[in-house]
Amino acid sequence: MVKMVEKEASAGDAVKVRENQVAVTGVTGVHVESHVFELRPKASAIHSETFTRGVFEDALDKASRPVKGKYADMLPSSEEFIEDKRREIELEDRLS
Amino acid sequence: MNAVLAVAADYANVASDGKLNIMGIFQELIPQGFPSAVPQMYLVISWDAGPAEFGSQKKVAITYIGPDSDPEVSLDAAIQVPEAVRPGERAVFHQIFGIQGLPIVRSGPHAIYILSGGEEKARIPLYVRKPLTLTGEEVEQNG
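Heads up: the sequence lines are chains A and B, in that order.
Under the working numbering, think of the first position of the first sequence as 1, with each following residue one higher.
Under the working numbering, think of the first position of the second sequence as 1, with each following residue one higher.
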């Protein structure tokens, strides 16, 4: 039986976060964390940016090896992706 | 309570304004060999619930099943259904599982089943490919 965990954290005025206890069965060595994010009533619009470039790149580093998602190998690095996009925009600007 | 979105991804979070960010959604895994493990992945579920369910507790079960239909990993969690942001609306809330070390021991069709109250609410197919092997020519090119 998994109990509710009353551990709450505020992720900002508009969101409430609850951490859930998770029971893992079947194998050892699997670590799982679960969080539930709910909007607060009368949520106010906050335009802070938490999904930063640092978060993006940290996630790439953590998730890329040794197993990749289907399209992960199409983005060798965020730097190359950004450079490709910049070249595409420049080309479109020249053509238009 | 229904799962209106369920995906496996490289990363996910919820911004302070309530927006759900998901990056690198995948349906296939490419291990370097067997046995292997996914070092870090995120399982993202968006739940939708009606007013009659507000405040109730729900059991959520996640089961990872391989080609032989035997559960390889099972996760159990309990969640409390929140109220809707505005009266008269349904509550939508997000659950994010951060999973480290999901085992990969064979190739073939796998899936993550998401259940609430013992009923299947969503299924995420994950196909595990055979490990990549280099040809003789590729070995020469790559040293």
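Built from N, CA and C at the ideal position, the CB exists for glycine as well.
The structure displayed is predicted, hence computed values, not measured ones.
For the pair I45(B) and Q95(B), the Cα-to-Cα distance works out to about 5 Å. Residue-level contact by beta carbon holds for G26(A) and chain B, with a gap shorter than 8 Å. Take Q27(B), set aside five residues on each side of it, and the residues of its chain with a beta-carbon closer than 7 Å to its own are P125, L126 and Y127, in chain order. The Cβ-Cβ distance between K16(A) and E33(A) does not fall below 8 Å.
No Cβ of chain A is located within less than 8 Å of the beta carbon of F54(B). Comparing alpha carbon positions, the residue from Q21(A), P41(A) and E57(A) closest to Y11(B) is E57(A). In the structure shown, V36(A) falls within a strand segment according to DSSP collapsed to helix, strand and coil.
Residues of the region 21 to 35 of chain B whose Cβ lies closer than 9 Å to any Cβ of chain A, in chain order: N21, M23, G24, I25, F26, Q27, E28, L29, I30, P31, Q32 and G33.
Contact annotation for E38(A) against chain B: P82 and F93 [CB-CB distance below 7 Å, chain order]. At least one C-beta of chain A is nearer than 8 Å to the C-beta of P71(B). Leaving aside the five residues that flank L75(B) on each side, the residues in its chain whose CB is nearer than 6 Å to its CB run, in chain order, I62. Contacts with chain A (Cβ-Cβ distance below 8 Å) from the region 89 to 120 of chain B involve A91, V92, F93, H94, Q95, I96, F97, G98, I99, Q100, G101, L102, P103 and I104, listed in chain order. When secondary structure is reduced to three states using DSSP, L132(B) falls in the coil class, being assigned neither helix nor strand. The beta carbon of P71(B) sits closer than 6 Å to those of T63 and I65, all from its chain and outside the five residues before and after it, given in chain order. Between G101(B) and V30(A) the beta-carbon gap is near 5 Å, inside 8 Å, which marks them as a contact. In this structure, P67(B) places its C-beta atom within 8 Å of the C-beta atom of G108(B). Beyond the five residues adjoining it in sequence on each side, L5(B) comes within less than 6 Å, by CB distance, of S46 in the same chain, given in chain order. With respect to chain A, the C-beta atom of G66(B) has no partner C-beta closer than 8 Å. A check of alpha carbon separations from N21(B) across T52(A), P41(A) and T28(A) identifies T52(A) as the nearest. For A9(B), the secondary structure class from DSSP, reduced to helix, strand or coil, is strand.
Chain-order list of chain A residues neighbouring G50(B): empty, with the shortest C-beta distance near 15 Å, by a criterion of under 8 Å. Residue environment: L132(B) is assigned as exposed (fewer than 16 neighbouring CB atoms within 10 Å of its CB, all protein chains considered).
In the three-state scheme derived from DSSP, where H, G and I count as helix and E and B as strand, F81(A) is classed as helix.
Listed as beta-bridge partners of F54(B) by DSSP are no residues whatsoever.
Residue range V15 to N20 is occupied by the beta strand (DSSP E) that includes R18(A).
Under the Cβ criterion of 8 Å, L75(B) is counted among the residues facing chain A.
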